[in-house]
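Since the structure comes first, as structure tokens, the remarks are kept for the end.
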Amino acid sequence: MKKTGIVIAGFLAIFQSQLQAIDLDVEVQRRISNSSIISCAIFESADGFPSDSSKRLLGVIAVIEKENKPICKFKGLALKKYAVAVLEDLNGNGGMDKTMIGMPKEPWGVSNNAPMHTFGPPTFEEASFQLTTNKTIQIKLNP
Numbered sequence: 000m001k002k003t004g005i006v007i008a009g010f011l012a013i014f015q016s017q018l019q020a021i022d023l024d025v026e027v028q029r030r031i032s033n034s035s036i037i038s039c040a041i042f043e044s045a046d047g048f049p050s051d052s053s054k055r056l057l058g059v060i061a062v063i064e065k066e067n068k069p070i071c072k073f074k075g076l077a078l079k080k081y082a083v084a085v086l087e088d089l090n091g092n093g094g095m096d097k098t099m100i101g102m103p104k105e106p107w108g109v110s111n112n113a114p115m116h117t118f119g120p121p122t123f124e125e126a127s128f129q130l131t132t133n134k135t136i137q138i139k140l141n142p
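Counting from 0, one number per residue, gives the positions in the sequence shown under numbering that gives the first Met the number 0.
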């Protein structure tokens with residue numbers, strides 16, 4: 000009898016976690032060239048946001064949908080706070096190219112379309128949002 004209760008509790012935990020798996024679509028508000036690669040990274044904390052891809056929760060490459068507009072799809076996320084960073088990699092080197100003073104040379108953007116600061120990128124708090132249900136967000140890339 001005790002084993003049956005444990006098994007049932009295990010199934011309920013698995014079932015409940017599957018019910019809470021949320022999907023997030025990120026529509027990138029920019030037409031891109033055929034040679035560009037759009038990458039999206041989702042972060043669950045300020046650690047590494049927005050540019051340290053080794054600290055991201057997940058990273059995906061956008062698929063091109065209608066009208067040459069890219070969409071990044073994140074599946075099975077938990078109910079929590081996230082922030083998304085997007086990069087248009089113009090030269091395909093896998094990272095953001097920067098000027099000598101650290102300013103981005105390639106188009107980029109973050110969730111909430113949080114703006115760049117005079118001396119640094121937007122913060123996690125400025126770009127974060129609470130994910131409570133399946134959601135689609137739009138991110139504009141800065142030139």
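Glycine is no exception: its CB is placed at the ideal position from the N, C-alpha and C atoms.
Inset, instruction - List the DSSP bridge partners of K129. - result: This sequence places Gln at residue 129; Lys is not what is there. Partner(s): K80.
Inset, instruction - Scan the segment 26-59 and note each continuous alpha helix (DSSP H) run of 4 residues or more that stays entirely inside, going in chain order. - result: none
Legend entry - Pairwise C-alpha distance: L76 and S110: 16 Å
Legend entry - Buried or exposed by the 16-neighbour rule on C-beta atoms within 10 Å, applied to F14: A caution first: F14 carries a pLDDT of 45, below 50, which makes its placement in the model too unreliable to give a value.
Inset, instruction - Below 7 Å CB to CB, which residues in the same chain sit around L78 once its five sequence neighbours on both sides are set aside? - result: Q19, I21, L130, T131
Inset, instruction - Going by CA-CA distance only, name the one from E124, V85, S52, S34 that's closest to Q28. - result: V85
Inset, instruction - Count the CB pairs spanning the segment 29-37 and the segment 86-94 that are closer than 8 Å, and state whether there are at least three. - result: yes
Legend entry - 7 Å Cβ shell around K68 - same chain, five flanking residues per side excluded: E26, V27, R30
Legend entry - Coarse secondary structure for F118, derived from DSSP in three states: coil
Legend entry - Endpoints, the beta strand (DSSP E) within which I136 is located: 134-139
Legend entry - Whole-angstrom distance between P142 and I70, CA atom to CA atom: 18 Å
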